[in-house]
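Below is one structure, written out as structure tokens; comments come after it.
2 protein chains.
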Amino acid sequence: MNLSVNGDRLLARLEELATIGAITGANGERGSARLALTDEDRAGRDLVVSWMNDLGLDVTVDVVGNVVAVMSGFGDLAPVMTGSHIDTVATGGRFDGNLGVLAGLEVIESVIEAGVQLTRPLAVAFFTDEEGARFAPDMLGSLVYVGGLAPEVAHDIRAIDGARLGDELERIGYLGGAPCPGAVPHAFVELHIEQGPVLEAEGYRLGAVTGVQGISWTRVDLVGQSNHAGTTPMAMRRDPSAAMMQIGALLAEIVAEVGDPQVGTIGKIDLHPNLVNVVPARASFTIDVRHTDESVLVDVEHRVRAGIERIAAAHGVEAHCESLARFEPVDFDERVVALIESSAASHGVPCRRLPSGAGHDAQMLARRCPTAMIFTPSVRGVSHNPAEMTDADDLVLGCQVLADVMLELTGHKGIGES
Amino acid sequence: MNLSVNGDRLLARLEELATIGAITGANGERGSARLALTDEDRAGRDLVVSWMNDLGLDVTVDVVGNVVAVMSGFGDLAPVMTGSHIDTVATGGRFDGNLGVLAGLEVIESVIEAGVQLTRPLAVAFFTDEEGARFAPDMLGSLVYVGGLAPEVAHDIRAIDGARLGDELERIGYLGGAPCPGAVPHAFVELHIEQGPVLEAEGYRLGAVTGVQGISWTRVDLVGQSNHAGTTPMAMRRDPSAAMMQIGALLAEIVAEVGDPQVGTIGKIDLHPNLVNVVPARASFTIDVRHTDESVLVDVEHRVRAGIERIAAAHGVEAHCESLARFEPVDFDERVVALIESSAASHGVPCRRLPSGAGHDAQMLARRCPTAMIFTPSVRGVSHNPAEMTDADDLVLGCQVLADVMLELTGHKGIGES
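Heads up: the protein sequence lines correspond to chains L and B, in order.
Following this note's numbering, the numbering of the first sequence begins with 1019 at its first residue and continues without gaps.
Following this note's numbering, the numbering of the second sequence begins with 1019 at its first residue and continues without gaps.
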């Protein structure tokens, strides 16, 4: 098959969608703020749905506002689906999510224009509240789509601004009638920006995503004794700050020992009372560790927990650990990953296999059907920021590979039965 | 000499002064809030001055509101002076500062009552804004008294609430006419609660304070690169939080290696943006190190600075260090310290030599005349808190030792020429 996507049309749609909820970055960069189920999200949805309708697709809206557009005329045949999200964080860029949705639209339009005869339909979807920036958890819409969360539970979730999700769906006109869990696709492939620095740093224009890292977030509360920083000899202290520093140094050691792709971050720290000359009474901090292999992640968690207990005891402070989030790693389908690599090779473009460090809708779909993702590079790894950037050539290349893989998947007879 | 102080009278005055600006602690403890030069401070001053006048002392108020009360009838003979402060922090206890002033008053009243014939006068003073809780720096009044800061500079200092120090002095009626630097005493001895846990923990009722630790406060700003905690491999990070943890662990190692009385504290930390899943862009934290030996303190500062530079470079983060405060250690007069020990021995009470980890007015007076301090224990080391507590017997014992030492100092012919 030799179908070329229309890069200019893709880029024009990205530009037009970005004008809705437009914001400006520190250096004049153009970004978007379309928090889930706000008026801006509604306007973005309306625009994309109008494009779906222009192509004569069967557009359905489900009970949590996920929108699925399928090529008509194929009866009940399960579609090869692509999709992503069009909600953004408050300081969003133009490409995160939007690229995957508009590239899917572009693939379908190119197929229709070229009159390609398919054995099964293509579909493009956008899922509600992928970012989780307004309603927790993130990837909410795709989670409900695959049956991981009941719609009525989702409806009762409150936004950071207090609004109820079900009410907001109704308010913006996206409380649809299609049931969840939704129909299972034949296969799913998502195009997304990397949101990390690896591809650019290593000179790749394409990534074949092998899975999503498992995530473990822990909040650690260390409770000691507030004391005068001058009058309290070291041996008489119960200093949670000193204990935390030692835990932080241990975490770095463990992460270094395990090596790539293990990552570990202490991103949030709150001392109390947080004064220069007072030994703190309390140190609260978070530990974020991620790995693609569940057994490694569990082992790292155990080592970190044991270290926390040992170090806390040595400092005479109490340690309380609470799991804030825990997701097992997701492995994508090797056959779909291989199709991405084949497409890249056919275009003479080197492609790097890598795991995703961030969560994506595709990891939810992977529970139900063969799934993988295509990454395009993020300049300097910047995302969730108006400065988010991917070169236009790379956007179009990613869309072309998406087209190749979707068309291959329509003919992939065995893949639906896995 | 065999003079006994009146313990009940001392305790009654402590109780009465504590009713001014009375506050209540978490468990019903009674404390005081008399921030410097507020209406509460004025009321406290007025009460103590009325007691000074009742004893027929010559009371002078100087240009920064320090109040000195000297026994009359000795012409120009330099007095043996005691004193402390009656301002408090916002969450003050009943004893911090107040004990030293009211014990001095008690010593003088006892001497007058007993008709002791002295060769030189006794004096008791309270100094303005020792706590520094309203006007920086702390020990402001005694600093001006010894000539360390010009009165007109002090007058222009602004409070945390914006008020000008000179205006506040005038407003509460304590902008006096006595010049600063003030008259040099023959000797100075200050009674104070320890504000630390050492005496109680080791079973001592008395401390002979050999000096004040040198203090070094540094603010460290580490600037790295904010990144996604999932998508950024460890090798591509410039993580100021990870660098800080390693610096904290190093500080603990250095402090442990130097050993007592070295102390080191990281009491204040601010990460930006302080989110669980974001590698911080910036970590700002403070390092408080103290030692009684200036050369050791300088060495520790150098080792910590070198460690910061090495660790920051290894993490690819920029490090900026700023000195927030730096005071050299103060050595008290060995002869005065020995007099405290002799008095303790005469009462059959073991007395521990120790440095002060906190700052006190006596360290300013030590620049001008032979000086030392007497410590009484602080239960659990708690201070700057309504729960601040010293047993009544220990308060009275401290006052008795103060009386003994002041009387000895009046006859100490050589000591004035040191």
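Quick reminder that beta carbons are idealized off the backbone N, C-alpha and C, glycines included.
Keep in mind the model is a prediction, meaning the values are calculated, not measured.
When Cβ-Cβ separations below 7 angstroms define contact, L1289 of chain B makes contact with chain L.
Distance between A1108 of chain B and P1395 of chain B, taken at the CA atoms: about 22 angstroms. With respect to L1161 of chain B, W1235 of chain B sits apart: the two C-beta atoms are not nearer than 7 angstroms. Spatial neighbours of T1100 of chain B in its own chain (CB-CB distance under 8 angstroms, excluding positions within 5 residues in sequence) are listed in chain order as G1118, A1121, G1122, V1125, L1140, A1141, V1142, A1143, F1206, V1207, E1208, L1209, L1420, M1424. A contact is defined here as three or more CB-CB pairs under 8 angstroms, and the stretch 1250-1259 of chain L meets this definition with respect to the stretch 1327-1341 of chain L. In the three-state reduction of the DSSP assignment, E1149 of chain B falls in the coil class, being assigned neither a helical nor a strand state.
Taking a C-beta distance under 7 angstroms as the contact criterion, G1166 of chain L and H1173 of chain L do not qualify as a contact pair.
Judged by their CB atoms, F1345 of chain L and I1190 of chain L are not nearer to each other than the 7 angstroms cut-off. G1074 of chain L counts as exposed, since fewer than 16 other C-beta atoms from the protein chains shown sit within 10 angstroms of its C-beta. For A1087 of chain B, the uninterrupted beta strand (DSSP E) segment begins and ends at 1085-1088. N1245 of chain L sits in a strand when the DSSP states are folded into three classes. As the crow flies, the alpha-carbon of L1032 of chain L is around 7 angstroms from that of F1113 of chain L. Burial check for V1307 of chain L: the Cβ neighbour count within 10 Å reaches 16 or more, so the residue is buried. The Cβ of Q1418 of chain B sits no closer than 7 angstroms to any Cβ of chain L. For D1057 of chain L, there is no enclosing beta strand (DSSP E); the residue is found in the alpha helix (DSSP H) stretching over 1057-1072.
DSSP places L1240 of chain B within a strand segment (E or B) once states are collapsed to three. When the five nearest sequence neighbours on each side are left out, the beta carbons in the same chain lying within less than 7 angstroms of the beta carbon of V1348 of chain B are those of G1229, V1230, Q1381, A1384, in order along the chain.
For the pair of segments examined, the stretch 1297-1313 of chain L was found to touch the stretch 1284-1299 of chain B: the number of CB pairs separated by less than 8 angstroms reaches three. Closest in alpha carbon position to L1065 of chain B, among B:A1151, B:A1054, B:N1084, B:E1034, is B:E1034. Within its own chain, the residues whose Cβ lies closer than 6 angstroms to the Cβ of E1336 of chain L, once the five positions on either side in sequence are excluded, are V1241, listed in chain order. For G1184 of chain B, there is no enclosing beta strand (DSSP E); the enclosing alpha helix (DSSP H) has its first and last residue at 1183-1189.
Taking a beta-carbon distance threshold of 7 angstroms, S1259 of chain B counts as an interface residue toward chain L. Look at M1099 of chain L here: in three-state DSSP terms it is strand. In the DSSP assignment, L1372 of chain L falls within the unbroken beta strand (DSSP E) covering 1369-1374. Across the stretch 1199-1210 of chain B, no CB contact with chain L closer than 9 angstroms is found for any residue. Taking 7 angstroms as the cut-off, the beta carbon of A1267 of chain B is found closer than this to the beta carbon of Q1264 of chain L. Within the same chain, and ignoring the five residues on either side of L1095 of chain L in sequence, the residues whose Cβ sits closer than 7 angstroms to its Cβ are R1138, P1139. DSSP places H1290 of chain B within a strand segment (E or B) once states are collapsed to three. In this structure, the CA atom of S1360 of chain L is about 45 angstroms from the CA atom of A1324 of chain L.
Under DSSP, no beta-bridge partner is assigned to S1364 of chain B.
When the Cα atoms are used, L1357 of chain B and I1272 of chain L turn out to be separated by approximately 56 angstroms. Here I1038 of chain B is buried. Its C-beta has 16 or more other C-beta atoms within 10 Å. The alpha-carbon separation between T1056 of chain L and M1070 of chain L amounts to approximately 21 angstroms. Secondary structure of V1355 of chain L (DSSP, three-state): helix.
Interface annotation, R1256 of chain L: not in contact with chain B, CB-CB separation never under 7 angstroms.
Contact note: G1399 of chain L reaches chain B through N1245, H1246, T1249, T1250, M1254, using a C-beta cutoff of 8 angstroms and chain order.
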